[in-house]
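Here is the structure we will look at.
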Amino acid sequence: MIGHIDEVVIDCRDPKALATFWASVLGGEPRGRDAAWWYILPPGWTQLSFQKVPEAKTVKNRLHLDVRVDDIAAATDQAEQLGARRIGEEHHDIAGSFQVLQDPEGNEWCVVRPAAAHD
Numbered sequence: 001m002i003g004h005i006d007e008v009v010i011d012c013r014d015p016k017a018l019a020t021f022w023a024s025v026l027g028g029e030p031r032g033r034d035a036a037w038w039y040i041l042p043p044g045w046t047q048l049s050f051q052k053v054p055e056a057k058t059v060k061n062r063l064h065l066d067v068r069v070d071d072i073a074a075a076t077d078q079a080e081q082l083g084a085r086r087i088g089e090e091h092h093d094i095a096g097s098f099q100v101l102q103d104p105e106g107n108e109w110c111v112v113r114p115a116a117a118h119d
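So for the sequence shown, full-length UniProt numbering puts the first residue at 1; every next one is plus one.
Next comes the structure, spelled out in structure tokens:
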């Protein structure tokens, strides 16, 4: 083992706005170190940070967050009210159900309900 996760960092154009969005999704208070670096400390998870970069997102993420919820439809509606965009239809398979979303800067993420949660 080399080490432990200190934080997860998302490159973005507007760190304050994205920190505010994700705080509404995961909890925690948006905090700024400066205009180019904001972060939240979601309850029960590691620090999620937002770093200003000059370029916009142009391709699909190679890493994304899965947010576990009790009700995918309700969570999707809430996320859309915060500025998320729904991508495609809700998916169902042996592992459970999920809905792909994009945050306000186009980063993909999912609201999920694992199959075990259906029992």
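Idealized CB from N, CA, C, for every residue including glycine.
Three-state secondary structure assigned by DSSP to residue i
i: Trp22; result: helix
i: Glu80; result: helix
i: Lys60; result: coil
i: Ile72; result: helix
i: Pro15; result: helix
One or two residues paired with residue i in a DSSP bridge
i: Glu108; result: Gln102
i: Leu65; result: Trp109
i: Gly96; result: Asp93 and Pro114
Span of the beta strand (DSSP E) around residue i
i: residue 132; result: In the structure as shown, the chain starts at 1 and stops at 119, and residue 132 therefore has no counterpart that could be examined.
i: Leu41; result: No beta strand (DSSP E) holds Leu41; DSSP gives it neither H nor E.
i: His91; result: Arg85 to Asp93
i: Gly32; result: Arg31 to Asp34
Legend entry - Three or more C-beta pairs below 8 angstroms linking the stretch 87-101 and the stretch 52-63: no
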